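Q:
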Amino acid sequence: MQKDFYIAEFEELVLLAILKLGSDAYGAAIHELLEDVGRSTAIGALYTTLSRLEDKGLVASWMGDPTPERGGRAKRFFKVLASGQRALRKTQGTRAKLSPSLVEGGAS
Amino acid sequence: MKTEKDDLELYRDVLRLIKERSRLELSEEQRSILEYLDQLVDQYRNSILHKGTQADSLNERIYLELKHLSALESTGFPVVVKKGSLLSSAIKAVSSPLGALSRTFGGQKAAMRNCELILSLLLNKAEQEPAIGDFLERYEQKCQRLGRRRTDLWAYSEVLRTVWPVLKRKLGTLLKLFIAADWVRRQFHQ
Chain A
1 MQKDFYIAEF EELVLLAILK LGSDAYGAAI HELLEDVGRS TAIGALYTTL SRLEDKGLVA
61 SWMGDPTPER GGRAKRFFKV LASGQRALRK TQGTRAKLSP SLVEGGAS
Chain B
1001 MKTEKDDLEL YRDVLRLIKE RSRLELSEEQ RSILEYLDQL VDQYRNSILH KGTQADSLNE
1061 RIYLELKHLS ALESTGFPVV VKKGSLLSSA IKAVSSPLGA LSRTFGGQKA AMRNCELILS
1121 LLLNKAEQEP AIGDFLERYE QKCQRLGRRR TDLWAYSEVL RTVWPVLKRK LGTLLKLFIA
1181 ADWVRRQFHQ
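Here's what the structure looks like:
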């Protein structure tokens, strides 16, 4: 049986950003996307989260080619694995179950 | 006013840039010129330090070798040397879609370099190359949008915000090792 991981809120956002970016999901692009949605984070901190997600087996990464605008440094691309998608669905399902009570609670 | 030290800084930047950005594409001839340039720049540095008489002729030689190197241009070669009275205006970085590094010469972008150095000390080896590349890419994007001064502030805040998660991760590893060692010690004592 496959192990299910619980994911923190920021991990969830990073997974969603990787899914949204598709084949162009690398550090700077993820960083920019998160900043655009109002979740600014440091690149170093982002890599800490990405490494943790990789350790949990939720994402996979590989190195691209060096490019001139990055001072000849290579990009590290990421993709969400099936286990990552499962963890996301589970978290979003839990959220969906709890959301109505939040609305009702706020209204009363 | 430009000094010999400014020129030396410029040469070092140019050589670093060539090595970093065209490491996969240099021909044998370009590589040998690059090695020769390294030696010349070292001699130039020594000449400046010891106030030797050869500094001017070495400066001229370096300029000519750079020009020669640039004339052997291959795909993706990052530097072009054009005719000009001032070296800094004669040497231009090209092939960067964002105009990246065009202002690197002449000792500018110190903040970017400082942050790059600190990040390389903080991050582990596997993360260094992609993370610093991402940092440089974001720096250039932000520089175009926000201007140099605000981007420099952003760069320093990036470094500060990186310190805590990295420290936390390292402390976590240490804590796990400590718990494991403690467990082993208890097993021996029982």
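If you read the protein sequences in the order shown, they are chains A and B. Heads up: the first sequence begins at 1 in the numbering used here, then just goes up one per residue. Heads up: the second sequence begins at 1001 in the numbering used here, then just goes up one per residue. Glycine is no exception: its CB is placed at the ideal position from the N, C-alpha and C atoms. As the structure is a prediction and not an experimental result, all values here were calculated from the model.
Quick check on this structure: which residue in B/L1010, B/E1158, B/R1031 has the alpha carbon closest to the alpha carbon of A/E35?
A: Walking along the first sequence from the start, residue 35 of chain A turns up at place 35. The shortest C-alpha separation from A/E35 is found at B/E1158.
Q: Answer with yes or no whether the minimum CB distance from B/R1161 to chain A is below 9 Å.
A: The count along the second sequence starts at 1 and reaches residue 1161 of chain B at position 161. It does: the Cβ of B/R1161 has a partner Cβ on chain A nearer than 9 Å.
Q: Please compile the residues from chain B whose C-beta is within a distance smaller than 9 Å of the C-beta of A/G44.
A: Taking the first sequence and counting its residues from 1, one reaches residue 44 of chain A at position 44. Result: L1119, L1122, L1123, E1127, A1131, F1135, E1158, V1159, R1161, T1162, V1163, P1165, V1166.
Q: Contact check, B/T1162 vs A/A45 under 8 Å by CB: the rounded distance?
A: The residue given as residue 1162 of chain B occupies position 162 in the second sequence. The residue given as residue 45 of chain A occupies position 45 in the first sequence. Correct: roughly 6 Å between the Cβ atoms.
Q: Under a three-way DSSP split, which group does A/T67 fall into?
A: Stepping through the first sequence from its first residue, residue 67 of chain A is reached at position 67. A/T67: strand per DSSP, three-state reduction.
Q: Using a Cβ cut-off of 7 Å, pull out every chain B residue sitting near A/G27, in sequence order please.
A: Position 27 of the first sequence, counted from the start, is the residue given in the question as residue 27 of chain A. Those are P1130, A1131, D1134, listed as they occur along chain B.
Q: Can you pull the chain B neighbours of A/S51, defined as C-beta to C-beta under 9 Å?
A: Numbered from 1 along the first sequence, position 51 holds the residue referred to as residue 51 of chain A. Here the neighbours are N1124, A1126, E1127, R1169.
Q: Using a Cβ-Cβ cut-off of less than 8 Å, give me the residues of the stretch 69 to 82 of chain A that come near chain B, in sequence order.
A: E69, R70, G71, G72, R73, A74, K75, R76
Q: Could you have a look at B/Q1108 and say whether DSSP puts it in helix, strand or coil?
A: What you label residue 1108 of chain B is simply residue 108 of the second sequence in a count that begins at 1. With a pLDDT of only 44 at B/Q1108, under the threshold of 50, the placement of this residue in the model should not be trusted; the figure read from the coordinates follows. Three-state DSSP puts B/Q1108 in coil, outside helix and strand.
Q: By the criterion of Cβ-Cβ separation under 8 Å, what are the contact partners of B/R1138 in chain A?
A: In the second sequence, counting from the first residue as 1, residue 1138 of chain B sits at position 138. Per Cβ cutoff of 8 Å: A28, H31, E32, I43.
Q: Would you mind stating whether B/Q1043 and B/Q1054 have Cβ atoms separated by less than 9 Å?
A: Here residue 1043 of chain B refers to the residue found at position 43 when the second sequence is read from its first residue. Here residue 1054 of chain B refers to the residue found at position 54 when the second sequence is read from its first residue. Yes, these two residues count as a Cβ contact at 9 Å.
Q: Do you know how far the Cα of B/V1184 is from the Cα of B/A1155?
A: For the purposes of this step, residue 1155 of chain B is taken as residue 155 along the second sequence, with counting starting at 1. For the purposes of this step, residue 1184 of chain B is taken as residue 184 along the second sequence, with counting starting at 1. When rounded, the distance between both Cα atoms is 44 Å.
Q: Tell me, please, whether the CB atom of A/Y47 is closer than 9 Å to any CB atom in chain B?
A: If you number the first sequence from 1, residue 47 of chain A lands on position 47. Chain B contact via Cβ: present.
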